[in-house]
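**Student:** What follows is a structure written as structure tokens; I'll ask about it next.
Numbering (our numbering), first residue to last: 644 to 1564.
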């Protein structure tokens, strides 16, 4: 074992990325070391005009944060809230005898180390520590053999960051102008969205076909049964899904026996009492090899299939396991295992499963990654020897244990013997019909004793599962027990799940596996994609954005072009390609137009009306039908006719038939369903972006705003008549006044009036469902009780029950409580359900969960890191807010400003009213 270098005098400062990693490394280092966290990146390109330094603000290129006219020099700034933390690191460095940079050994980690050097400007010896697992032996080896910061990796990361900034900041404004405000484009995210949109287009174009066959159950003389499928009749094959044209739904050839329901039933009746015998028994031996150890990509895919984890959740849990020293580095493209890891795995195979399960030679797996500096080991259990899952169960939370168990089994299985077995195919014939059944017998399970891989098909069983058939001989007579006619319908290509999208991106070489989780998060956060069960469904906005990019900036979303970028970045990291030359070629061009040239004149060239139209089809006796991506929501268009489309409608569900139905309903909505007998105003049934609703009053009448009422949950537009519509318009419905309630005394003996006392009780239909209200008190209506029918007595009963949410509600139990206290406050770390959503707290610091974060997915270490990051920013500057309020107050009292203010207020009110009308319409 190499001997680690001790600090000469005073403590040496070690800097890692996260507090969790700092705590773990701190356990292995002596008193001569102080371990601190950078809490992620310490410098970045400016995010918005406010962060651009004053000396650059007059420059035309300043908004990019990159001087494209002077060697693509980036402007680096310390992110808001990090200044105090950087000062702390500088103060610690002043007291230190050496600086050790122990960030991850990939592009991002290397860049963090370089930025730390640029900010801290150390005057003491600097060492770069590299390790792939956080164990004592790995830390000792890293200390014994430090290196310098790898400028190749730093340049590759900087190139990637500049390239992404130029792509995003130059292309996104085009989307704002031509599609919708606040959209974003990205080098990898736009390509990922294109993949998802392309799959949905295939589904929209798909025409299903159908065929019928027979499921036959045959029995041996000893009553053992075989369940078979009809494959041919009189020598003509029964078709399968692959035999149908996906564009027409018709068979590609006439050489099949194509049956409908009647023909299948007739055939079953005809042959049911016939004679059947086994004509063929075919048995073939087979063997399968174990799967390679996990890479980042395969880990994400398998966790999605087996554990139902999102890519983000997988990486969060893996990060926690790595930072606490339980697994090796979780961002890797390599399937290689270190020699000592192979030895550990083989020893465990021998001890756990026996010598028969141990191959004569170690298995060596080779990956496809060119960049050796980023090709770490595969993901495996850390340490030597590996800890057993049973021993780790008490040390890990549920998610951590499930993931560790998966990694452990996959690693062990990778060093086990092949699985061996026999595939058996049986053919049964009679009455001109041929039936077949196949099975699989595993003679020696080999690696399957430890690990069986999942499948991308949600309806499929685990791969390599055994299916044992009864033993039969050729010529053996069988009796027909049952014949069942069954219909089959061809299915469109399946939508991408997180696992299959990750696989597709990796196969095309697009992006890095370590970035796939953030890509999937981003495209959902940007409203390009939403989830339906586990499937990723593109929005109509995504269709429009992809259409614009394909038609006008095709090279930027070309799959090969995007994949080549990753190879180029690897070349830069190896010093084979020059950073400046590459950026100049990308932005200004080199024979082919660069990004800048491609974007010239696009504002004038692109017709927003054209790219916002998605073709649906043409009815036999009508005009073409399109979906239009409107500024506020999508809608259907046919000539002059339009109809609103509910936003979360899956694109492949919008057929010609559905579109015509919505257009007809919209046309009917222009005609009143009747007239209100009390107000004499017309009543309409309309459909908006959030679904159908009732409207009383003429929308074209500017003097009076129409009254709207949403349909109750479960109501279908077809079932709504004038009587029901008028009932909905009575909401909120007055049920009568609550009885007078005497005031109650609080803990201090003061009388507190009851806000319900003598107040009217109203039944509402709200955004989150029906409820009753009296004074300041509200209660949701239980399932099955309608606000149209709820009685006064039931409302009083509900209002008397304790409140379950909102102000005055009984305190909610925590969504999650961690089993370890905060290392800072020593109080419980928990996730609570607050007024504005879930938030993490350690009793002192609170931080809301970001969009897309699920409480059950947040690990203890991630919670602590988020709290540390929030605490590092310090409290919000309250003094400035107070000063602004005072200044505004003083300004409002100035006599000269009064008329202008009145004018401004009037104008603002008018604008608000106009917007409100639009929204209502």
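Backbone N, C-alpha and C fix where the C-beta goes; we use that ideal spot for every residue, glycine too.
Since the structure is predicted, the reported quantities are computational estimates derived from the model, not experimental observations.
Do you know offhand how far residue 829's Cα is from residue 1315's?
**Tutor:** Those two C-alpha atoms are separated by around 47 Å.
**Student:** With contact counted as at least three CB pairs below 8 Å, one residue from each stretch, are the stretch 1283 to 1294 and the stretch 1326 to 1344 in contact?
**Tutor:** yes
**Student:** What span of residues does the beta strand (DSSP E) with residue 1056 cover, start to end?
**Tutor:** No beta strand (DSSP E) holds residue 1056; the alpha helix (DSSP H) holding it covers 1041 to 1056.
**Student:** List the whole-angstrom C-beta distance separating residue 717 from residue 805, where the pair is believed to meet the contact cut-off of C-beta under 8 Å.
**Tutor:** Confirmed, about 6 Å.
**Student:** Kindly list the residues whose CB is nearer than 6 Å to the CB of residue 1472, restricted to its own chain and excluding five residues on each side of it in sequence; keep chain order.
**Tutor:** 1461, 1465, 1485 and 1506
**Student:** Which residues mark the beginning and the end of the beta strand (DSSP E) in which residue 934 is found?
**Tutor:** Premise fails: residue 934 is in no beta strand (DSSP E) and is neither H nor E.
**Student:** Please return the same chain residues whose Cβ sits closer than 6 Å to the Cβ of residue 892, not counting the five positions on each side in sequence.
**Tutor:** 850, 851 and 852
**Student:** Expressed to the nearest angstrom, what Euclidean distance is found between the alpha-carbon atoms of residue 1223 and residue 714?
**Tutor:** Taking the straight line from one Cα to the other gives about 6 Å.
**Student:** Can you tell me the Cβ-Cβ gap for residue 1576 and residue 739, rounded? I've got them flagged as a contact below 8 Å.
**Tutor:** Given that the chain is displayed from residue 644 to residue 1564, the structure contains no residue 1576 and the question cannot be resolved.
**Student:** Which one or two residues does DSSP pair with residue 856 in a beta bridge?
**Tutor:** Answer by DSSP bridge pairing, in chain order: 1129.
**Student:** What is the residue span of the alpha helix (DSSP H) that residue 1228 lies within?
**Tutor:** 1222 to 1231
**Student:** Assign residue 1080 to buried or exposed, taking buried as 16 or more other Cβ atoms, counted over all protein chains shown, within 10 Å of its Cβ.
**Tutor:** buried
**Student:** Would you mind stating whether residue 1284 and residue 1270 have Cβ atoms separated by less than 9 Å?
**Tutor:** no
**Student:** Report all residues from its chain with a CB closer than 6 Å to the CB of residue 1040; omit the five preceding and five following residues, and keep chain order.
**Tutor:** For residue 1040, where only same-chain residues beyond five positions count, there are no Cβ hits under 6 Å.
**Student:** May I ask you to verify whether the stretch 1040 to 1059 touches the stretch 858 to 878, counting CB pairs closer than 8 Å and requiring at least 3?
**Tutor:** no
**Student:** With a Cβ-Cβ cutoff of 9 Å, do residue 1246 and residue 820 count as a contact?
**Tutor:** yes
**Student:** Determine the extent of the alpha helix (DSSP H) in which residue 1006 is found, giving its start and end residues.
**Tutor:** Careful: residue 1006 lies outside any alpha helix (DSSP H) and carries neither H nor E.
**Student:** Pull up the distance between the alpha-carbon of residue 1032 and that of residue 1096, whole angstroms please.
**Tutor:** 19 Å
**Student:** Give me the Cβ distance between residue 876 and residue 901, rounded to the nearest whole Å; I'm assuming they're in contact under 8 Å.
**Tutor:** With a Cβ gap of about 10 Å, residue 876 and residue 901 do not count as contacting.
**Student:** Going residue by residue through the stretch 1157 to 1193, where are the continuous beta strand (DSSP E) segments of at least 3 residues, counting only ones entirely within it?
**Tutor:** With a minimum length of 3 residues, the continuous beta strand (DSSP E) runs that stay inside the stretch 1157 to 1193 are 1172 to 1175 and 1178 to 1181.
**Student:** Just the Cα atoms here: how many angstroms apart are residue 971 and residue 977?
**Tutor:** Whole-angstrom Cα-Cα distance: 12 Å.
**Student:** Tell me whether the beta-carbon of residue 1120 lies closer than 9 Å to the beta-carbon of residue 918.
**Tutor:** Yes, Cβ-Cβ distance for residue 1120 and residue 918 is below 9 Å.
**Student:** By DSSP's criteria, residue 1248 is part of a beta bridge. Which residues make up the other side?
**Tutor:** In DSSP, residue 1248 forms no bridge with anything.
**Student:** By how many angstroms is the C-alpha of residue 946 removed from the C-alpha of residue 1049?
**Tutor:** So the two alpha carbons sit approximately 8 Å from each other.
**Student:** Please classify residue 1367: does DSSP put it in a helix, a strand, or coil?
**Tutor:** The DSSP-derived three-state label of residue 1367 is helix.
**Student:** Pull up the distance between the alpha-carbon of residue 1408 and that of residue 1295, whole angstroms please.
**Tutor:** 32 Å
**Student:** Quick check on residue 1277: buried or exposed, where buried means 16 or more other Cβ atoms within 10 Å of its Cβ?
**Tutor:** Residue 1277 should be labelled buried.
**Student:** Put residue 728 into one of helix, strand or coil per three-state DSSP.
**Tutor:** helix
**Student:** Could you check how far apart the C-beta atoms of residue 907 and residue 1128 are, in whole angstroms? I think they sit under 8 Å.
**Tutor:** 4 Å
**Student:** Please classify residue 973 as buried or exposed, where buried requires at least 16 other C-beta atoms within 10 Å of its C-beta.
**Tutor:** So residue 973 ends up on the buried side.
**Student:** Residue 1083 lies in the beta strand (DSSP E); which residues open and close that run?
**Tutor:** 1076 to 1087
**Student:** Over the uninterrupted beta strand (DSSP E) stretch that includes residue 1065, give me the two end residues.
**Tutor:** 1062 to 1073
**Student:** Measuring CA to CA, which of 734, 1381, 1428 and 1305 is closest to residue 1418?
**Tutor:** 1381
**Student:** Which residue comes first and which comes last in the beta strand (DSSP E) that contains residue 791?
**Tutor:** Segment: none, residue 791 is in no beta strand (DSSP E) and carries neither H nor E.
**Student:** Any chance you could list the beta strand (DSSP E) runs of at least 3 consecutive residues sitting entirely within the stretch 711 to 756, in chain order?
**Tutor:** 741 to 744
**Student:** Taking the alpha-carbon of residue 848 as reference, which of 878, 814 and 889 has the nearest alpha-carbon?
**Tutor:** Check the Cα spacing between residue 848 and each of 878, 814 and 889: the tightest is with 889.
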